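Data first, discussion second: the structure below is written as structure tokens.
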């Protein structure tokens, strides 16, 4: 994470594809971690396993001699051979069109940069971008609005549209073409009686969000309200104001009244909420729902046929909430979100009829699919294209851009997401983010710099990093040196020295408490804490001895060198399925038992496990650092195998040769 922006800046300055530099950086970091006791978690855990077995544990630099041989061999391989196996990919060049040779391969460019013109008689004139629903309904990113021949870059949702405006949009145009050729649904003229939607076990109620409620500050989307509680939210009353539009993204506040519709059993569950009350026809009139109820039918060739209500995007695209679904004369009140739509379905929905007028206006837009401009040309002056990844300490993994309200909070457009070796440029708002995803952003330099100060994101530009504390650098360096010295001299174990060092970092102001808390890898802490008893159980139950005997039966007759090679390979392969600290904990008792069966020193076998557990080169999931560079480098799963497999073979030969030289059997 520290070197990632630096390496990308080097790639830009030297005009090299980032994919040629990022994987060597990660592999170098993994190899360098083999030099010292604190370089990797497996080194520490293997040393602790020796101590727990009543043996002398490894010292701070005991890994260095063999580790240096491994590092030199790995470096030589990458310089002489590995660099030729690396792909040549640059995600930003691909999407901006500056390198068309890689665009089709990397980003599968079915999407295009298009120019959309608002006709003179369009009803969209005078509406803001948000009100026009161009982005939501059509899945387009509006990058610029051209007025009188001048581009207004990165328009905000409040930008007002006028007749004759040209919009530069990035995205797939197939939804707009489908909209112009065949409507997704037909609005019926028949009026809807609200209370006919409440037969038998279905009712309507309202409840208040109280102070201290877990709902405060959360949106209906973040709460997954409909799916979790099984009711529809039709309106929200706040401070005497009635809100019936865009409810999904409205953060709830204490004192809000929510009007909900659902089955009596679901409403009964809400009675535990304070100020809950069931409504009758008279008290519901304040919400003026009748003028928002519509009946729509799904025609034969609709694009919605076969899609679930969730996939239909009726809420996000058209601002509609499905209250009932009738199929073959059988009504279903509060239909399940996963119900698939079929031709002939009739739905009663709640929504603003004006939104349907807007949809008809969208059908009249004039499209030029080949504008005389490229995306790269928009990155001029204060406007930039940049990449962002989730930081290793992020709290946002699994959340969507819509839940994060990314555009509203940071003022930046997300143009594409690189995930697991491929690019996604459609329906980005609903796509969950994961560690290793790269987001391609477009916006002002000022907004990018502000995003760089967010601990959840890592902006892949050195100039956009969080502000440093240069005055604290000597203090931090001195504390780090002190930790190393007390461990090296044997005055304190590494665990105690590290805790003291971290405490001093906070006391001296090098870190504040929030930073210190965030930078603790709690998952790793609890994972290791949970696996240590398992390692002890393997030893005391005889499982480790049984597995060691199985290994001895297979390769024991070949001698200790073969056992060392087997433990290295087994540890390395295990990192494909579990974190390397866990591998070290589970493999340590097996190595100790194998050494006892062979009658040899356990030290070379234990060091072989430490090196094998750190050789996580074959998969992006083998180590967090591998995942971190996958998006910025445009790597695919096969790239790790292509480069990592021959590297592992080289390291195996070096480990089997070098480790016994410094730690004889």
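Numbering (this note's numbering), first residue to last: 72 to 736.
Cβ coordinates follow ideal geometry from the N, Cα and C atoms, glycine included.
These numbers come from a predicted model, not from an experiment.
Could you spell out where the beta strand (DSSP E) holding residue i opens and where it closes?
| i | result |
| --- | --- |
| residue 379 | That residue, residue 379, is in no beta strand (DSSP E); it is neither H nor E in DSSP. |
| residue 402 | 401-404 |
| residue 647 | Run containing residue 647: none; DSSP gives neither H nor E here. |
| residue 418 | 417-421 |
| residue 672 | Counting along the chain, residue 672 falls outside any beta strand (DSSP E), and DSSP gives it neither H nor E. |
| residue 212 | 212-218 |
| residue 397 | 392-398 |
| residue 365 | 364-368 |
For residue i, report the span of its alpha helix (DSSP H) as first-last.
| i | result |
| --- | --- |
| residue 83 | 75-85 |
| residue 158 | Where residue 158 is concerned, there is no enclosing alpha helix (DSSP H), given that its DSSP letter is neither H nor E. |
| residue 737 | Outside the displayed range of the chain (72 to 736) lies residue 737, so it cannot be described from this structure. |
| residue 651 | 651-669 |
| residue 438 | Here residue 438 belongs to no alpha helix (DSSP H); instead the beta strand (DSSP E) covers 437-439. |
| residue 234 | That residue, residue 234, is in no alpha helix (DSSP H); it is neither H nor E in DSSP. |
| residue 139 | 135-148 |
| residue 387 | 385-389 |
| residue 722 | 708-733 |
Considering only the beta carbon of each residue, do residue i and residue j sit closer than 8 Å?
| i | j | result |
| --- | --- | --- |
| residue 642 | residue 684 | yes |
| residue 234 | residue 226 | no |
| residue 280 | residue 240 | no |
| residue 531 | residue 460 | yes |
| residue 456 | residue 511 | yes |
| residue 411 | residue 462 | no |
| residue 652 | residue 322 | no |
| residue 656 | residue 645 | no |
| residue 519 | residue 367 | no |
| residue 331 | residue 304 | yes |
| residue 236 | residue 217 | yes |
| residue 502 | residue 495 | yes |
| residue 500 | residue 466 | no |
| residue 208 | residue 228 | no |
| residue 686 | residue 730 | no |
| residue 102 | residue 145 | yes |
| residue 703 | residue 108 | no |
| residue 659 | residue 117 | yes |
Decide if residue i is buried, meaning its Cβ has at least 16 other Cβ atoms within 10 Å, or exposed.
| i | result |
| --- | --- |
| residue 104 | buried |
| residue 489 | buried |
| residue 56 | The question about residue 56 has no answer here: the residues shown for the chain are numbered 72 through 736. |
| residue 715 | buried |
| residue 437 | exposed |
| residue 223 | exposed |
| residue 508 | buried |
| residue 299 | exposed |
| residue 567 | exposed |
| residue 694 | buried |
| residue 384 | buried |
| residue 479 | exposed |
| residue 554 | buried |
| residue 664 | buried |
| residue 143 | exposed |
| residue 578 | exposed |
For residue i, collect the residues of the same chain with a Cβ closer than 7 Å to its Cβ; drop the 5 residues on either side in sequence, then sort them by chain order.
| i | result |
| --- | --- |
| residue 292 | 319, 320, 473 and 474 |
| residue 580 | 543 |
| residue 712 | 689 |
| residue 763 | With the chain represented from 72 up to 736, any question about residue 763 goes unanswered, as that position is not in the structure. |
| residue 363 | 315, 421, 422 and 423 |
| residue 371 | 414 |
| residue 140 | 725 and 729 |
So, at 8 Å on beta carbons, what are the nonlocal neighbours of residue i in its own chain, with the 5 sequence-adjacent residues on each side left out?
| i | result |
| --- | --- |
| residue 734 | 137, 672, 674, 675 and 678 |
| residue 692 | 647 and 698 |
| residue 172 | Here the model assigns residue 172 a pLDDT of 37, short of 50, so the residue's position is not dependable, and the following value carries that caveat. Result list for residue 172: empty, nothing under 8 Å. |
| residue 290 | 319, 320, 321, 322, 323, 474 and 476 |
| residue 131 | 107, 108, 109, 555, 558, 559 and 565 |
Does residue i come within less than 8 Å of chain C when only Cβ atoms are used?
| i | result |
| --- | --- |
| residue 279 | The chain labelled as chain C is not found in the depicted structure, where only one protein chain is given. |
Could you name the residues of the same chain whose beta carbon sits closer than 6 Å to that of residue i, not counting the 5 residues immediately before and after it, in chain order?
| i | result |
| --- | --- |
| residue 91 | 157 |
| residue 429 | 204 |
| residue 547 | 581 |
| residue 135 | 106 |
| residue 381 | 408 |
| residue 95 | 149 |
Tell me whether residue i, by its Cβ, gets closer than 7 Å to a heavy atom of the ligand MN.
| i | result |
| --- | --- |
| residue 100 | Summarising the ligand content, the structure contains no ligands, and the ligand MN is consequently not present. |
- At which residue ranges does the segment 525-584 contain complete alpha helix (DSSP H) runs of 4 or more residues, listed in the order of the chain? Listed in chain order, the alpha helix (DSSP H) runs fully inside the segment 525-584 are 544-559 and 565-578, counting runs of at least 4 residues.
- Message: So within the segment 283-350, which uninterrupted alpha helix (DSSP H) runs reach at least 4 residues, ignoring any that extend past its ends?
- Response: As far as the segment 283-350 is concerned, its whole alpha helix (DSSP H) runs of at least 4 residues are 291-294, 296-300 and 335-340.
- Considering only residues of the segment 186-210, which uninterrupted alpha helix (DSSP H) runs meet the minimum length of 4 residues and lie entirely inside it, listed in chain order? 200-203 and 205-209
- Item | Every unbroken beta strand (DSSP E) inside the segment 447-517 [3 residues or more] | 454-461, 484-490, 493-495 and 509-515
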